[in-house]
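Residue numbers (our numbering), protein chains in the order written: chain V, 6 to 182; chain B, 19 to 210.
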Amino acid sequence: MKILKYIAVLFISIFISNCDSQDDDFVNIKYIEVQNLVNLPTNLVFNTGDDLNFFVVVPNVLTEPGFTTPLNINETTMSNVLEFSYYFEKKNGSEWEYFTAFGPVTSKEAVLNLSGVYVNNTSIQLSQPGQYRLMFNAGTTANSISLISKQESTKYTQIQISTTANNYNTGYYFTVN
Amino acid sequence: MKKFLTTLCFLSPMLFLAQEANNAEGSSFTAGNEIKWDVLGLITETKIQLTYEHQFLPKWSAGLSAATYQSNKDKDHFDTSTDKQLKNYDIIPYIRYHLSPNQNSYYFAEGSLGVNSGKYKHIERLDANNQAIYQLQQGEYTDLALGLAVGYKYILKEHFLGEILVGGGQNILNDDSPKYISRVAISIGYKF
């Protein structure tokens, strides 16, 4: 019985000795908030067959609220890509339903061009009439959009930008006639 | 911390049972000094920990543990992993109350107030050429930890001893240090 007690204490000792290894994982991510980096259409009504175009435009040297010096995204992240994703929902009665006819959940990349701007131009043909909303992956609030630098290695800091867009209020709501 | 408290709850009945068992035995008190070396820490964390302890009353002793962490594997891992802190050294003065009257085989409770130090990671905004970048930086932390532990000591042929210690503590001064630290050892030593 005594031996069992000693073995129990030994196992408990090893167990507890690992308790303090880490409180939490350290994640090499910096979250920032910058307004109006996504441009959505100004109109909210389209005709069937029209294209819905939106643009992500992020200067590599980006003015960051609260600081006098602008942030260099590429030198921080060592990445030429900012990633984001979106999907559509269609209104059916009073319910919003996931809608894939314009394309399923889509991951996109805004790529750093020679002018020093991360750019993505997306064009989607609206092939069916109805009431829709375009949803982006949310940033820090439901009204914001998340742009995330592609992380090649954990030794480089990843930047997650929470941004806004015109006409975006938990989604971009539009009608196709 | 939950794990620590659970373990203390688990061990406490054993301690009282041991005390009851040893009450009848009794033995004479001899003031003495001990030097101990933590074998478990060396195996599990490449920790080199030496302890000096002085028993000044039949039921009371006090000591000082000093430990340094020497694992190159842990140091390399820290640079590339999501680990938040890397321990460097501990210096732990402590006082112990013996829960059993037997001087050669007894359970004890320990209170400590120790200094611990190491490295931590943080992201810093660095300005250069009128632009800024965020970059991972390493800093040094030093903190003071209040600790509690329980243990068992066995002394063989008046001089050779073995000891098991299980406990933990909480850092109280610095947000960059680990919130909780363990105080666990299986030591061998010499009493003189």
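We put the CB at the ideal spot given by N, CA and C, even for glycine.
{"query": "Checking contacts by CB at 8 Å: is residue 76 (chain V) closer than that to chain B?", "result": "yes"}
{"query": "Chain B beta carbons: is any one of them nearer than 8 Å to that of residue 68 (chain V)?", "result": "no"}
{"query": "Starting from residue 176 (chain B), trace the alpha helix (DSSP H) both ways and give me its first and last residue.", "result": "Neither: residue 176 (chain B) is in no alpha helix (DSSP H) and is coded neither H nor E."}
{"query": "Rounding to the nearest angstrom, what Cα-Cα distance links residue 41 (chain V) and residue 189 (chain B) in this structure?", "result": "43 Å"}
{"query": "Taking only the alpha-carbon atoms, compute the straight-line gap between residue 182 (chain V) and residue 132 (chain V) and give it to the nearest angstrom.", "result": "10 Å"}
{"query": "Per DSSP, which residues does residue 103 (chain B) bridge with? Please list them.", "result": "B:138"}
{"query": "Answer with yes or no whether the minimum CB distance from residue 64 (chain V) to chain B is below 8 Å.", "result": "no"}
{"query": "For residue 52 (chain V), does the count of other Cβ atoms within 10 angstroms reach 16, so buried, or fall short, so exposed?", "result": "exposed"}
{"query": "Tell me residue 100 (chain V)'s beta-bridge partners as DSSP assigns them.", "result": "V:97"}
{"query": "Give a yes or no on whether the C-beta atoms belonging to residue 60 (chain V) and residue 48 (chain V) are separated by under 8 Å.", "result": "no"}
{"query": "Could you check if residue 137 (chain V) is buried or exposed, using at least 16 other CB atoms within 10 Å of its CB as the buried criterion?", "result": "buried"}
{"query": "When the Cα atoms are used, what is the spatial distance from residue 131 (chain B) to residue 198 (chain B)?", "result": "13 Å"}
{"query": "Can you name the residues of chain B whose CB is closer than 8 Å to the CB of residue 30 (chain V)?", "result": "100, 101, 102"}
{"query": "Is the beta carbon of residue 90 (chain V) sitting closer than 8 Å to the one on residue 120 (chain V)?", "result": "no"}
{"query": "Between the beta-carbon of residue 137 (chain B) and the beta-carbon of residue 158 (chain B), is there less than 8 Å?", "result": "yes"}
{"query": "How long is the line joining the alpha carbons of residue 149 (chain B) and residue 134 (chain V), rounded to whole angstroms?", "result": "48 Å"}
{"query": "What are the uninterrupted segments assigned as beta strand (DSSP E) that are 3 or more residues long and contained completely in the segment 28–92 of chain V, given in chain order?", "result": "34–38, 56–64"}
{"query": "Taking the alpha-carbon positions, what's the residue 62 (chain V) to residue 154 (chain V) distance?", "result": "14 Å"}
{"query": "How would you list, in chain order, the residues of chain B whose beta-carbon sits under 7 Å from the beta-carbon of residue 162 (chain V)?", "result": "141, 152, 153, 154"}
{"query": "DSSP three-state call for residue 156 (chain V): helix, strand or coil?", "result": "coil"}
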